[in-house]
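Q: In our numbering, the protein residues as written are 163 to 364. Note that beta-carbon positions come from the ideal geometry of N, C-alpha and C, so glycine has one too.
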Amino acid sequence: MTRLDPFYLIVDDAETAELLVPVGVKLLQLRAKDMDPERLRDAVRRTKAVCTVHGCTLVVNDHWQLAIEEGCDFVHLGQEDLAEADLVAIRAAGLRLGISTHDRAELATALAAAPDYVALGPIWETKLKAMKWAPQTPARLTRWREQVGDLPLVAIGGITAENLPQVFEAGADVAAVVTDVTRHADPEARTRQWLAATAPWR
Numbered sequence: 163m164t165r166l167d168p169f170y171l172i173v174d175d176a177e178t179a180e181l182l183v184p185v186g187v188k189l190l191q192l193r194a195k196d197m198d199p200e201r202l203r204d205a206v207r208r209t210k211a212v213c214t215v216h217g218c219t220l221v222v223n224d225h226w227q228l229a230i231e232e233g234c235d236f237v238h239l240g241q242e243d244l245a246e247a248d249l250v251a252i253r254a255a256g257l258r259l260g261i262s263t264h265d266r267a268e269l270a271t272a273l274a275a276a277p278d279y280v281a282l283g284p285i286w287e288t289k290l291k292a293m294k295w296a297p298q299t300p301a302r303l304t305r306w307r308e309q310v311g312d313l314p315l316v317a318i319g320g321i322t323a324e325n326l327p328q329v330f331e332a333g334a335d336v337a338a339v340v341t342d343v344t345r346h347a348d349p350e351a352r353t354r355q356w357l358a359a360t361a362p363w364r
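1. Flag this pair as yes or no: are the beta carbons of L166 and L182 separated by less than 8 Å?
2. Return the chain-ordered ranges of every alpha helix (DSSP H) run that is complete within the segment 212-296 and spans a minimum of 4 residues.
3. Out of A275, A229, E350, which has the shortest C-alpha to C-alpha gap to V250?
4. State the DSSP-derived secondary structure class of Q365, mapped to helix, strand or coil.
5. What are the partner residues of V339, as DSSP defines its beta bridges?
6. What do you reckon, are the CB atoms on I261 and W226 nearer than 8 Å?
7. Kindly indicate which three-state DSSP category A323 falls into: helix, strand or coil?
8. Mind reading off the beta-carbon distance from L313 to V280? Whole number of angstroms is fine, and I expect it under 8 Å.
9. Do you know offhand how far A254's Cα is from L202's?
10. Going by C-alpha to C-alpha distance, which of L303, D235, P297, R305 sits closest to G256?
11. Just to confirm the assignment, what range does the beta strand (DSSP E) spanning A317 have?
12. If we ignore side chains and look at the alpha-carbon of each, how far apart do R207 and A317 end up?
13. DSSP on L192, reduced to helix/strand/coil?
14. Does DSSP put G369 in a helix, in a strand, or in coil?
15. For T360, does the count of other Cβ atoms within 10 angstroms reach 16, so buried, or fall short, so exposed?
16. Look at the Cβ atom of G333, then the Cβ atom of P297, and state whether they are nearer than 8 Å.
17. Under 8 Å Cβ to Cβ from E200, same chain only, skipping five residues before and after it: list those, please.
18. Anyone know if the C-beta pair for L192 and L220 falls short of 8 Å?
19. Pick from L239, G217, V340, D348: whose alpha carbon is nearest that of D175?
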């Protein structure tokens with residue numbers, strides 16, 4: 163079973179990865195949206211390079227073909243991307259797989275794909291994007307925990323360094339964060355706060 167670091171940082175570009183991975187991040191997702199193919203490939207290569215140097219697991223969001231081509235280890239798919247992805251090719255390339263879920267039907271779809279982790283969100287209201295789902299609350303994490311068994315469970319959405327103990331106490335193995343770090347006035351300092359806050363679960 164995949165063992166994941168409890169602090170899962172999600173960034174939009176290689177520049178942010180190059181800034182924050184050296185601080186001590188061990189699990190990072192590159193979620194690059196609306197990049198042209200050349201810039202996207204460069205972002206994946208640069209992010210992979212800094213992650214390799216610092217012993218950080220890189221997860222590429224959505225772009226599973228590129229992850230295969232660039233020899234990455236892990237890809238994360240939303241439900242729409244999962245429906246269109248070639249899971250046989252992903253597994254043949256040795257890629258590990260994470261999948262987003264928001265309700266029981268999506269959880270069943272995710273589990274049928276035999277993922278390496280399942281993510282549930284948004285736990286609380288999120289600033290990142292408009293969501294058609296109401297906040298899930300930590301209570302649903304507990305129900306997901308019962309459904310996924312030993313599979314790593316990732317909580318995402320509205321999590322801060324201050325409220326993250328609630329998601330671990332509810333059954334999550336990993337807390338994913340975007341804006342609480344990347345939009346902080348001092349992302350490096352905030353990263354250190356997250357590292358300290360997640361240390362008891364490491």
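A: Quick look at the numbers:
1. no
2. 226-231, 241-246, 249-254, 266-274
3. Checking every option, the nearest Cα to that of V250 belongs to A275.
4. Absent from the model: residue 365. The displayed extent of the chain is 163 to 364, so no value can be given.
5. L171
6. no
7. Under the three-state reduction of DSSP, A323 is assigned to coil, being neither helix nor strand.
8. 6 Å
9. 23 Å
10. D235
11. Per DSSP, A317 belongs to the beta strand (DSSP E) from 315-318.
12. R207 and A317: Cα-Cα distance of roughly 27 Å.
13. Three-state result, L192: strand.
14. An answer regarding residue 369 cannot be provided, because it is not within the stretch 163 to 364 covered by the chain.
15. It counts as buried.
16. no
17. none
18. yes
19. V340
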